[in-house]
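What follows is a single structure, written as structure tokens, with notes after it.
Residue numbers (the numbering used here), protein chains in the order written: chain A, 1 to 217; chain B, 218 to 434.
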């Protein structure tokens, strides 16, 4: 190889690395976190299920600051079936909330709406069974609306405000464009998109894949 | 109500019905059939599982001409779990094929590729258990590539050829655009799009919903 050829190759390498770095820093590139079925519990329900004074045990921090997977699991009982061990996510919340995929909901015979976390009015209830007791909730089961947690620094670069709807594109054989993705902007958030297992599997995605926010159509 | 007002209302009704009819006849409007996990069996495997000389019993015609849901079901056994009663679809095919969703495949610990029906080279095997015997396939498990069955009359109107890739849009809260949808054109087909349960649930769709083919992007 002569000096000219070496220079050409060097330039190709420099350009490729620059492109990769710029893509990595591109604010419309968002990492995926896939939500399996899980439960957020109120302090009161934690005590009923696990005993007076019980506190959740953090076994793994999640990407969103302060959020964690707890050691604790409970049985979720629907009209047509149940799931034996559903993970609790901490910390405790003001109200208990059960997040299922539509596949999960159909499996146990629950007709839950697709809605935003915390918007529990009119949602169906369910029974939870822990080692120390049972809780029958009158409401709290949702299919989580797909959403992106976004710190203000990223939102500003993208021209997105809290509660905006954005569109997100994947790649690969099951390339999919997810419309109606809720942007949730807060300085308490790390930049991360959440899909449930139905959505991730429909698009053939894995945890920590990167997705692309595209200008709204 | 005076005569003029009656005429205005009459015109609104006429226009609305015309619009609905024209939308109904629009060739880019395709009806959805959702595929739950199912099995196509070879004649030989039917006999091993259900006994010498056994033939499948048609309990329900499917939309695709000649295809039917059979009475027969078998147990599907993967490395990490099993499904007790998986429906056989008839008639018999040259090779046995098991179609799962990615959620199903993960549940029983099978790593199957997303691919076109009948393209079974390199796909993983699985064990099927029937009332009269067991078959251990060396290959045949797939995650079906999303596709549209299309008669030539529709394909011509849309300017689509057999094996073209098209893009399909849904509506509603979980509005989704499915890219890389395989068009399969044949005079043996009825016009119908097939998604699996992951894809349908990700987009919040039900059987017989209508989807829209959009010009390729």
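Note that CB positions come from ideal geometry on N, CA and C, so glycine has one too.
* May I have the straight-line CA-CA distance separating residue 127/A from residue 79/A, to the nearest angstrom? => 9 Å
* Asked: In terms of residue numbering, what span does the alpha helix (DSSP H) encompassing residue 370/B cover?
  -> 369 to 375
* **Other residues of its chain near residue 161/A: CB distance less than 8 Å, five sequence neighbours each side excluded** => 155, 183 and 185
* Asked: Is residue 129/A helix, strand or coil by DSSP?
  -> strand
* Asked: Taking only beta-carbon atoms, is residue 127/A less than 8 Å away from chain D?
  -> Absent here is chain D; the protein component of the structure consists of chains A and B.
* Look up residue 327/B in the DSSP assignment and say whether it is helix, strand or coil. => coil
* Asked: Anyone know if the C-beta pair for residue 316/B and residue 252/B falls short of 8 Å?
  -> yes
* Ignore the nearest five residues each way along the sequence and tell me which others in residue 263/B's own chain have a CB closer than 7 Å to its CB. => Answer for residue 263/B: 271, 273 and 309, listed in chain order.
* **Where residue 267/B meets chain A, residues with beta-carbon distance less than 7 Å** => Contact of residue 267/B with chain A by beta-carbon distance below 7 Å is absent, the smallest such distance being about 28 Å.
* By Cβ distance below 8 Å, which residues in the same chain neighbour residue 39/A in space, the five residues on each side in sequence not counted? -> 74, 76, 86, 87, 88, 89, 96, 97, 98, 99 and 128
* Helix or strand or just coil, what does DSSP make of residue 173/A? -> coil
* Asked: Anyone know if the C-beta pair for residue 151/A and residue 187/A falls short of 8 Å?
  -> yes
* Asked: Name the chain A residues whose beta carbon is nearer than 7 Å to that of residue 318/B?
  -> 201
* Do residue 249/B and residue 362/B have their CB atoms nearer than 8 Å? -> No, Cβ-Cβ distance for residue 249/B and residue 362/B is not below 8 Å.
* Top-ranked residue by Cα proximity to residue 196/A, from 319/B, 301/B, 357/B and 276/B -> It is 319/B.
* To do: Consult DSSP for residue 267/B and reduce its assignment to one of helix, strand or coil.
  => Three-state result, residue 267/B: helix.
* Do you know how far the Cα of residue 288/B is from the Cα of residue 434/B? -> Any answer about residue 434/B is weak, because its pLDDT of 48 lies below 50 and its placement is not dependable; what the coordinates show is given next. Near 42 Å, if we compare the C-alpha coordinates of residue 288/B and residue 434/B.
* To do: Answer yes or no: do residue 395/B and residue 281/B have a C-beta to C-beta separation smaller than 8 Å?
  => no
* Where the stretch 376 to 392 of chain B meets chain A: residues whose CB sits under 8 Å from a CB there -> 390, 391 and 392
* Straight-line gap, residue 170/A to residue 328/B (C-alpha atoms, nearest Å) -> One C-alpha to the other measures close to 21 Å.
* Asked: Shorter than 8 Å from the beta carbon of residue 130/A to some beta carbon of chain B?
  -> no
* To do: Since I believe residue 124/A is in contact with residue 147/A (beta carbons under 8 Å), could you give me their beta-carbon distance rounded to a whole number of angstroms?
  => Residue 147/A to residue 124/A, Cβ: 21 Å. No contact.
* **Beta carbon proximity, residue 108/A to chain B, threshold 8 Å** => no
* Using a beta-carbon distance cut-off of less than 7 Å, what residues from the stretch 297 to 321 of chain B approach chain A? -> Within the stretch 297 to 321 of chain B, the qualifying residues are 318, 319 and 320.
* When DSSP labels each residue in this structure, what does residue 192/A get in the three-state scheme? -> strand
* For residue 289/B, three-class secondary structure by DSSP -> strand
* **residue 97/A, DSSP secondary structure in three states** => strand
* Asked: In three-state terms, what does DSSP make of residue 321/B?
  -> helix
* Would you say residue 262/B faces chain A, with C-beta separation under 8 Å as the test? -> no
* **Chain-ordered neighbours of residue 180/A on chain B, where CB pairs are closer than 8 Å** => 390, 391 and 392
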